[in-house]
Amino acid sequence: MRLNSNERRERLVRILMLRGRAPIGQLAQELEVSERTVMRDIDILSTSRPIFSLPGKGGGVFLIDTYSIYPHALQESEASLLKKIISEAEESSICSLNTAEIKILKDILAFYSAKRNLKGKRK
7 MRLNSNERRE RLVRILMLRG RAPIGQLAQE LEVSERTVMR DIDILSTSRP IFSLPGKGGG
67 VFLIDTYSIY PHALQESEAS LLKKIISEAE ESSICSLNTA EIKILKDILA FYSAKRNLKG
127 KRK
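So for the sequence shown, this note's numbering puts the first residue at 7; every next one is plus one.
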């Protein structure tokens with residue numbers, strides 16, 4: 007699924023929020039663009055978000071740990087429903103979701119579940 011530039015940049019930010027760090031080559035492969043395009047996206051994003059890159063071994067693209075574009079966590083019932091949708095989409099041959107869309111749902115579930123777990127630990 008080819009994304010437009012704004013969707014691609016948002017996807018890049020979501021990936022970094024989930025993983026913390028990612029090599030430019032890996033981001034380029036996942037986003038189905040060149041490494042140069044990823045670097046241009048990082049330059050554009052860095053004007054409005056705390057994103058940066060470091061060269062060399064152990065480097066990559068980073069997002070400041072405390073940054074979040076999604077301030078809320080999923081409720082348990084919402085997470086359960088999303089898990090059910092993902093499971094049925096993976097098992098059904100008549101599902102209209104493609105592999106990339108299922109991966110996006112999994113990323114959303116992982117991110118919001120992590121936020122819910124962190125929120126619970128702060129109480």
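Virtual Cβ for every residue (Gly too), placed ideally from N, Cα, C.
Confirm, please, whether the CB-CB distance from Leu18 to Asp49 is below 9 Å. Along the sequence shown, read from residue 1 onward, the residue named residue 49 stands at position 43. Along the sequence shown, read from residue 1 onward, the residue named residue 18 stands at position 12. If you check the CB distance, Asp49 and Leu18 do not come in under 9 Å.
Does DSSP classify Ile70 as helix, strand or coil? Reading the sequence shown from its first residue, position 64 is the one you call residue 70. Correct three-state label for Ile70: coil.
Where the beta strand (DSSP E) containing Leu60 begins and where it ends: Reading the sequence shown from its first residue, position 54 is the one you call residue 60. Leu60 -> beta strand (DSSP E) spans Ile57 to Leu60.
Indicate the three-state DSSP secondary structure (helix, strand or coil) for Arg15 in the structure shown. Residue mapping note: residue 15 aligns to position 9 of the sequence shown, counting from 1. Three-state result, Arg15: helix.
Sort Arg20, Leu103, Gly31 and Ile100 by Cα distance to Gly65 and report the nearest one. In the sequence shown, residue 65 corresponds to position 59, counting from 1. Per the Cα distances, Gly31.
Quick one: Cα of Asp113 to Cα of Arg25, how far? Position 107 of the sequence shown, counted from the first residue, corresponds to residue 113. Position 19 of the sequence shown, counted from the first residue, corresponds to residue 25. For Asp113 and Arg25, the gap between their C-alpha atoms comes out near 10 Å.
If you run the structure through DSSP and keep just helix, strand and coil, what is Arg8? For the purposes of this step, residue 8 is taken as residue 2 along the sequence shown, with counting starting at 1. In the structure shown, Arg8 sits in coil (DSSP, three-state: anything other than H, G, I, E or B).
Expected contact under 8 Å - CB spacing of Arg14 and Leu51 to nearest Å: Here residue 14 refers to the residue found at position 8 when the sequence shown is read from its first residue. Here residue 51 refers to the residue found at position 45 when the sequence shown is read from its first residue. The pair is not a contact, with the Cβ atoms about 10 Å apart (cut-off 8 Å).
First through last residue of the alpha helix (DSSP H) which encompasses Gln63: Along the sequence shown, one-based indexing puts residue 63 at 57. Position check: residue 63 holds Lys in this sequence, whereas Gln was assumed. No residue range can be given for Lys63, since it is assigned to no alpha helix (DSSP H) and is classified by DSSP as neither H nor E.
Could you tell me which of Ser86, Ser99 and Ile100 sits nearest to Leu111, measuring between CA atoms? For this step, residue 111 is matched to residue 105 along the sequence shown. Measuring from the Cα of Leu111, the nearest candidate turns out to be Ser86.
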